[in-house]
Amino acid sequence: MIEFAAQKALHTAEGNIRLDVAFRVAAGEFITLFGKSGAGKTTLLRILAGLTEAEAGRIVVDGEVWFDSDAGIALPPQQRKVGFVFQDYALFPNMTVRGNLEFALEDGQDKQLVDELLDLTGLTELQGRKPVALSGGQRQRVALARALARKPRLLLLDEPLSALDGETRLRLQDEILKLHRLFGITTLIVSHDLAEVFKLADRVLLLEQGRIAQDGKPAEVFAEHKASGKFTFTGEVLEIAPNDVVFAVSVLVGNQIVKVIATAEEVACLAVGSKVMLLSKAFNPMLLPLR
Amino acid sequence: MADFQAGGADHPDLLIVGVPLAWWLAFTRCRLKAVAETLVSMPLVLPPSVLGFYLLLAFSPQSALGAFLDSQFHLRLVFSFAGLVVGSVIFSLPFMVQPLQAGFQSLPASLAEAAYTLGKSRRQTLFRVLLPNVKPALLSGIVLSFAHTVGEFGVVLMIGGNIPGETRVASIAIFTEVESLNYATANFYAGVLFAVSFVVLMTVYLVNKRYLRPT
């Protein structure tokens, strides 16, 4: 159980805003922080990890006070027991894959966990390699395994998959989910990718201008109408082509392009690049714009 | 000759002082940073004899610091080998600190932050993560400051004097020999100094090259 409240002035590219958020997280939840760049997502994660200090607020994790501006408490990151996966992975170039994981262990901790994590992430064969000799996806796996080696209470991922190609991304999403379920660890991930949000998270915190604009299940937060389709996907409109009286809309869903027939009325609120929810009812697929 | 002795005694000391100082300068947001940086770099522009002169004043038993060191630790830094080492550590500091500081600053901030979130202290992070990843900078710091220690003249003459077998360094020995027109001896000293410096630098550069090669 996490109780989080923090305020801090942020200097972003779009000017100064004030980060002011408060929320609670239940144990074992998987939460996505979603929002435009400069909305304060990364800062929020860093405040939680103790890498950035909030001006005011209170953070309590499982009854332990990590930060309390009134009481003058601010635990350093070393004492917070979080696993943090950085956007640039931050692997130690001087250590092998195995060395990176072993470095993360606490004094006297059983090394068996390292073997287990290497096995779980499919890195056993690569354990003797240095990070320079790994692909992007492999580096990301090492970062993930390393973050879990200390048996943290929280797993924090700062846009971990943004630099990877589509296919690797999908595979790593599965891996993150697998590890999340296996360890039952409370996880917060910063993401820009709608499909990722829908696939991974139980709950989304939508950040706008440093505030939580919406909080709920992905489908509730992103769809303006409640959908009751049998299958739902999220995608991006690639092309809208007139076709007699109707329109053929090409939608990118995952790695596939789907052509959907839509009426002029439906197309009116779509544009190339719009995020949409594609849902299939008993007969025909429908497109719903997402915010 | 006291030269390579000084060079040798210098280096551990220079590392002990230089590494934490470079680390502090690279990451501090303290307002005194600019002052500290300037002081460290002063020996680059100041004539060596100026620094030597001030050290001579500071370490002389008549001064407060010199008297304190003498009475408390029986340490007399003027005209002694120990004083020579102290003088050349200060004098060579910028050559060690500047490459190291630049090296630390070139590392992504997330590297140290990752180590902190993994529960590692600053010291563990410095020695196991940061320092091993700035090896080329460390080596060039060692090479530059070594070369500098061997070649120095002004500080050494001021504070160490010219005591044979104690504080006479090669560069001063050469000067002395030339002054008394012993060109053959001067030539011999100069040749030895040249050859040894060449071998040392060459070795370090070769080792450095091996480190820089991606594995």
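These protein sequence lines are chains A and B, in that order.
To get the working numbering, take the position in the first sequence, counting from 1, and add 11.
To get the working numbering, take the position in the second sequence, counting from 1, and add 470.
Idealized CB from N, CA, C, for every residue including glycine.
For residue i, the three-state DSSP class (helix, strand or coil)
i, result
"H236 of chain A", "The pLDDT assigned to H236 of chain A is 49, lower than 50, so where the model puts this residue is not dependable; a value taken from the coordinates is nonetheless given after this. Here H236 of chain A sits in coil by DSSP."
"G68 of chain A", "strand"
"K590 of chain B", "coil"
"G39 of chain A", "coil"
"A537 of chain B", "helix"
"M672 of chain B", "helix"
"S562 of chain B", "helix"
"P104 of chain A", "coil"
"P606 of chain B", "helix"
"E117 of chain A", "coil"
"T595 of chain B", "helix"
"T655 of chain B", "helix"
"L217 of chain A", "strand"
"L21 of chain A", "strand"
"M512 of chain B", "helix"
"R164 of chain A", "coil"
"R192 of chain A", "helix"
"T498 of chain B", "coil"
"L44 of chain A", "strand"
"L290 of chain A", "strand"
"I295 of chain A", "Looking at the sequence provided, one finds Asn at residue 295 of chain A rather than Ile. N295 of chain A: coil per DSSP, three-state reduction."
"P518 of chain B", "helix"
"F244 of chain A", "strand"
"L96 of chain A", "The displayed chain sequence assigns Val, not Leu, to residue 96 of chain A. Strand."
"E415 of chain B", "Because chain B here runs from 471 to 685, residue 415 of chain B falls outside it and cannot be looked at."
"Q532 of chain B", "coil"
"E231 of chain A", "helix"
"L59 of chain A", "helix"
Under 8 Å from the C-beta of residue i: neighbouring residues of chain B
i, result
"A101 of chain A", "P578, S580, L581, E583 and A584"
"L62 of chain A", "E583, Y586 and T587"
"R161 of chain A", "L588 and G589"
"F97 of chain A", "S580, E583 and A584"
"V93 of chain A", "T587"
8 Å contact criterion, which residue i and residue j should meet: CB distance rounded
i, j, result
"A82 of chain A", "Q18 of chain A", "Not really, about 16 Å apart at Cβ, beyond 8 Å."
"P171 of chain A", "V96 of chain A", "5 Å"
"V567 of chain B", "G488 of chain B", "5 Å"
"R150 of chain A", "Y100 of chain A", "5 Å"
"L124 of chain A", "A160 of chain A", "6 Å"
"L289 of chain A", "V278 of chain A", "At roughly 14 Å, the Cβ-Cβ gap does not stay under 8 Å, so L289 of chain A and V278 of chain A are not in contact."
"S202 of chain A", "Q98 of chain A", "At roughly 11 Å, the Cβ-Cβ gap does not stay under 8 Å, so S202 of chain A and Q98 of chain A are not in contact."
"G26 of chain A", "T197 of chain A", "Not quite, the Cβ-Cβ distance comes to about 33 Å (not below 8 Å), so this is no contact."
Proximal chain A residues relative to residue i, where beta-carbon distance stays under 8 Å
i, result
"K679 of chain B", "Those do not exist, as K679 of chain B stays about 17 Å from chain A at its closest Cβ, beyond 8 Å."
Beta-carbon neighbours of residue i, restricted to chain B and to distances below 7 Å
i, result
"E117 of chain A", "G589"
"P88 of chain A", "Y586 and T587"
"L21 of chain A", "Correct list: empty, because the minimum Cβ distance to chain B is about 17 Å."
Closer than 9 Å at the beta carbon, the chain A residues around residue i
i, result
"N425 of chain B", "Outside the modelled stretch of chain B, which goes from 471 to 685, sits residue 425 of chain B, for which no answer is possible."
"R598 of chain B", "F103, N105, M106 and F114"
Separation of residue j from residue i, as counted between CA atoms
i, j, result
"H236 of chain A", "T245 of chain A", "Residue placement at H236 of chain A cannot be trusted, given a pLDDT of 49 that sits under 50; what the coordinates show is reported in the next sentence. Cα to Cα, H236 of chain A sits roughly 14 Å from T245 of chain A."
"A617 of chain B", "L112 of chain A", "40 Å"
"L168 of chain A", "K92 of chain A", "14 Å"
"D126 of chain A", "G133 of chain A", "10 Å"
"A275 of chain A", "T43 of chain A", "34 Å"
"R214 of chain A", "P490 of chain B", "45 Å"
"A85 of chain A", "L581 of chain B", "22 Å"
"L155 of chain A", "R598 of chain B", "20 Å"
"I223 of chain A", "V208 of chain A", "16 Å"
"V620 of chain B", "K590 of chain B", "38 Å"
"V505 of chain B", "R499 of chain B", "12 Å"
"E117 of chain A", "V559 of chain B", "37 Å"
"M12 of chain A", "L199 of chain A", "13 Å"
"L129 of chain A", "H544 of chain B", "58 Å"
"I644 of chain B", "Y659 of chain B", "6 Å"
"L601 of chain B", "H22 of chain A", "32 Å"
"A50 of chain A", "L218 of chain A", "6 Å"
"E75 of chain A", "L484 of chain B", "44 Å"
"A206 of chain A", "E247 of chain A", "10 Å"
"G147 of chain A", "F664 of chain B", "48 Å"
"F529 of chain B", "V548 of chain B", "6 Å"
"T646 of chain B", "S519 of chain B", "17 Å"
Neighbour list for residue i in chain A, Cβ cutoff strictly below 7 Å
i, result
"V444 of chain B", "Because residue 444 of chain B is not part of the residues shown, which for chain B are 471 to 685, the question remains open."
Beta-carbon neighbours of residue i, restricted to chain B and to distances below 9 Å
i, result
"F233 of chain A", "Near F233 of chain A there are no residues of chain B at all, since even the closest Cβ is about 30 Å away, more than 9 Å."
is_contact[residue i, chain E] using C-beta, thresh 8 Å
i, result
"L495 of chain B", "Given the protein chain composition of this structure (A and B), no chain E is represented."
Contained alpha helix (DSSP H) runs [length at least 4] in the region 123-157 of chain A, N- to C-terminal order: 123-131
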